[in-house]
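Same order as they appear, the protein sequences are chains Y and V.
The opening position of the first sequence corresponds to residue 82 in my numbering, with each subsequent residue numbered one higher.
The opening position of the second sequence corresponds to residue 162 in my numbering, with each subsequent residue numbered one higher.
Quick reminder that beta carbons are idealized off the backbone N, C-alpha and C, glycines included.
Computed from a predicted structure; not experimentally measured.
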Amino acid sequence: MNQRSGFRVGLFLLLAPGVLWLGLLIVLPHAELFLVSLRERVAPRVYESGLTNYLEFFIEPLYWNTFLRTATYSVMATALTLLIAFPVAYYIAKMLRGRPKNILFLLCLLPFWVSELVRALGWIILLRETGVVSTFLQTLGLVDAPVEFLYNDAAMLVGLIYTSMLFMVIPLVGALDTLDDSLIEAGYNLGGNGFVVLREIVIPHAMPGIVSGCIVVFMLTLGNYVTPTLLGGKDSLWFTEQIYNQFILRFNWEQGSAFGFLLLALSSFIVWAGLKLSRQSLGKVMT
Amino acid sequence: MLPTLPQGKAARAIYGAYIVGFLVYLFAPLVVVVAFAFNDSNFSSPPWNGFTFGWFVDSGPDRVGLLHNDPLTRSLAVSLQVALGVAVLSVAVGTCNAFLFERHKFPLRGLLYMMMLWPLVIPGVILGISILAFSSTVANSLEELLNMDIDFLRPGLPLVILGQFAFITTITTLVISARLRKFDPTLEEAALNLGASKMMAIATVTLPYLLPAIIGASVIAFLMSFENFNTTLMLVGSDAPLTIQLYSMMREGSTPVVNAVSVALIGGSALLVLALIFTDRGEKKAR
């Protein structure tokens with residue numbers, strides 16, 4: 082009996098930090114955010130509850146345009162990241178062995194230990210009007226005057242893809258590594274060409290990796306702040322910037338909370354749908 | 162395509178060129194950031210005016226290097242403080258969580274485990290605003306109730322630490338759990354048979370076994386905290402950590418001193434990651 086109650090106390094002591102952490106920093110703050118998003122300020126310090134903040138989102142074109150833009154560009158960035166990363170992951174997993182394989186894999190991971198701001202700074206130096214690419218093209222004589230490559234949607238996409246690359250390459254290499262070479266050989270022996278083998282054997286096998294990579298990349302792109310604000314132009318407004326503007330600049334927490342909840346809903350829906358489609362669990366995808 | 166299969170030389174060459182191109186894409190931004198930190202010019206853009214350490218060591222008046230740039234050195238100190246705080250807190254709670262989930266069965270364990278993973282799918286900006294909203298509600302009610310102002314709950318470093326801790330703890334929990342799962346419980350039982358108390362067995366047998374994971378988790382937590390931007394942006398008060406300071410300098414268009422900071426950051430994370438790899442390797446050899 083004594084031992085058992087000792088065990089109970091031990092369990093309680095272990096449980097406490099985790100429950101406090103999740104309760105005070107995750108659950109209650111999000112509940113509060115939801116409550117704030119349902120509030121409407123009718124006079125100073127007087128509030129009514131209602132869906133006004135959410136209605137405002139649908140009435141004001143700027144808001145939902147930004148939301149749609151952010152979602153569309155996130156999908157595009159995810160698809161492009163997958164397209165660019167897949168051949169690289171296949172090369173690492175299937176074309177190389179031993180030391181060269183480890184070295185190339187490590188090289189792909191290296192840039193991501195560096196802060197996102199530093200990576201954005203790199204793209205600014207490369208792409209701006211007085212930057213490296215523009216100067217290089219002038220030296221080659223391909224253009225006569227400085228060209229501005231920065232502050233547009235393409236530059237923003239380049240930066241977003243760059244930032245996400247690691248989160249696509251790792252799951253893809255993981256999935257492709259487990260594909261047995263003999264299956265690919267069999268595919269060729271049975272008369273398939275490269276394209277057929279890719280479609281019928283490689284991609285189906287890599288599907289779990291593709292799905293986890295896409296989920297993580299989409300989520301991170303959607304919630305990105307630094308890359309769109311630094312590399313995008315004046316029109317490249319990102320939804321996280323809207324949230325920041327409402328919360329910090331306009332001090333309209335009610336509206337900002339509603340925006341936050343909409344972004345959270347979109348992000349969670351995509352994660353949930355991706356997991357359902359691939360029949361995977363969150364724990365598996367994240368680790 | 163496989164190295165063991167006969168295939169066209171051209172296809173192989175194109176594939177190789179693609180990989181080289183990919184590596185150029187990965188490293189070009191970092192290379193220019195580092196290169197222009199040493200350029201003897203007031204702008205981080207071409208032409209190359211010769212090599213200098215000026216952006217690190219000059220004390221003015223026309224060029225203020227990193228070591229004499231007060232806002233930057235101050236923000237570096239702030240970041241170190243925050244990162245240390247986050248690392249200690251998140252590793253402590255993460256270790257508790259690891260024991261809780263790996264060693265105990267209790268009601269709602271599955272639900273709690275799923276909740277533990279949530280912070281990974283919450284965009285950083287939203288985590289930031291939710292904690293901001295909740296803490297100021299708590300602060301306001303306490304102010305009305307007790308008639309005292311609690312600075313701790315207003316935007317500032319304690320909130321930044323809590324905000325980063327909120328999601329980094331998930332990572333430390335996963336890292337430490339993974340190692341605890343591999344631990345052979347008979348070792349602990351042997352210690353108990355030899356007369357150790359439960360606490361003593363854990364302190365002398367289990368914790369030393371977990372040490373590599375604890376060190377690894379601390380390094381990861383430190384780096385993630387140091388580089389965090391999104392959550393920090395929403396919770397920051399008057400003392401700006403390095404990422405916030407760097408961001409505002411980049412938005413205003415700064416001198417190459419931002420490149421110098423980036424070089425310091427790259428060097429710092431490279432050292433930490435190398436240390437991590439070497440402890441890992443030493444650990445593998447010892448086994």
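Beta carbon of residue i nearer than 7 Å to that of residue j
| i | j | result |
| --- | --- | --- |
| P54/Y | G304/Y | A query on residue 54/Y cannot be resolved here, the shown segment of chain Y reaching from 82 to 368 and no further. |
| I292/V | G255/V | no |
| V286/V | T321/Y | yes |
| V194/V | G313/Y | no |
| M395/V | I322/V | no |
| S236/V | A401/V | yes |
| R342/V | A374/V | no |
| R209/Y | P190/V | no |
| P98/Y | F295/V | no |
| A166/Y | L241/Y | no |
| G268/Y | I282/Y | yes |
| V418/V | W209/V | no |
| D310/V | E304/V | yes |
| F193/Y | L247/Y | yes |
| T211/Y | T308/Y | no |
| Q406/V | P232/V | yes |
| H265/V | L92/Y | yes |
| F197/V | N420/V | yes |
| T392/V | L288/V | yes |
Inter-residue spacing [alpha-carbon to alpha-carbon] between residue i and residue j
| i | j | result |
| --- | --- | --- |
| I438/V | S206/V | 35 Å |
| I296/Y | M288/Y | 12 Å |
| F332/Y | G355/Y | 35 Å |
| I283/V | N134/Y | 21 Å |
| S358/V | L103/Y | 31 Å |
| V299/V | Q336/Y | 20 Å |
| T404/V | D441/V | 29 Å |
| V198/Y | V108/Y | As written in the sequence, residue 198/Y is Leu, which differs from the Val given in the question. So the alpha carbons of these two residues sit roughly 30 Å apart. |
| L228/V | M410/V | 16 Å |
| A380/Y | Y232/Y | Lying before the first or after the last residue shown, residue 380/Y is absent from chain Y, which here runs from 82 to 368. |
| V239/V | V422/V | 15 Å |
| L433/V | L353/V | 37 Å |
| T331/V | F199/V | 39 Å |
| N301/V | R280/Y | 59 Å |
| M82/Y | M275/V | Confidence at M82/Y is low in this model, with a pLDDT of 41, below 50, so the placement of that residue should be treated as unreliable; the coordinate-derived value is given next. Distance between the alpha carbons of M82/Y and M275/V is about 32 Å. |
| V192/V | L188/Y | 14 Å |
Helix, strand or coil at residue i according to DSSP, with G and I counted as helix
| i | result |
| --- | --- |
| A124/Y | strand |
| V366/V | helix |
| F212/V | strand |
| I283/V | coil |
| V298/Y | helix |
| S317/Y | coil |
| I438/V | helix |
| S358/V | coil |
| S348/Y | helix |
| S205/V | coil |
| N200/V | strand |
| S220/V | strand |
| W353/Y | helix |
| V254/Y | helix |
| V224/Y | coil |
Proximal residues to residue i (C-beta, below 6 Å), its chain only, five neighbours per side dropped
| i | result |
| --- | --- |
| L260/Y | H286 |
| A244/V | F383, S386 and F387 |
| S118/Y | N134, S338, A339 and F342 |
| F214/V | none |
Residues of its chain near residue i, where Cβ-Cβ distance is below 8 Å and the 5 sequence neighbours each way are ignored
| i | result |
| --- | --- |
| A174/V | none |
| M361/V | A352 |
Close beta carbons around residue i, own chain, < 7 Å, minus the five adjacent residues each side
| i | result |
| --- | --- |
| I329/V | V247, S251, A382, M385 and S386 |
| V254/Y | A170, I173, A174 and F186 |
| L94/Y | none |
| V181/V | none |
| S215/Y | P227, V228 and F230 |
| V218/V | G226 and L228 |
| F344/V | T367 and Y370 |
CB-CB length for residue i against residue j, believed under 8 Å
| i | j | result |
| --- | --- | --- |
| W334/Y | F340/Y | At roughly 10 Å, the Cβ-Cβ gap does not stay under 8 Å, so W334/Y and F340/Y are not in contact. |
| F148/Y | L343/Y | 7 Å |
| S338/V | A253/V | Contact flag wrong, Cβ pair sits at about 14 Å. |
| V195/Y | L426/V | 7 Å |
| P316/V | G398/V | 4 Å |
| T302/Y | S130/Y | Rounded, the Cβ-Cβ distance is 33 Å, inconsistent with contact. |
| I291/Y | L163/Y | 7 Å |
| L161/Y | L238/Y | 7 Å |
| I351/Y | F299/Y | 6 Å |
| D201/V | F212/V | 7 Å |
| V424/V | G377/V | Their Cβ separation, rounded to whole angstroms, is 25 Å, which puts V424/V and G377/V out of contact at 8 Å. |
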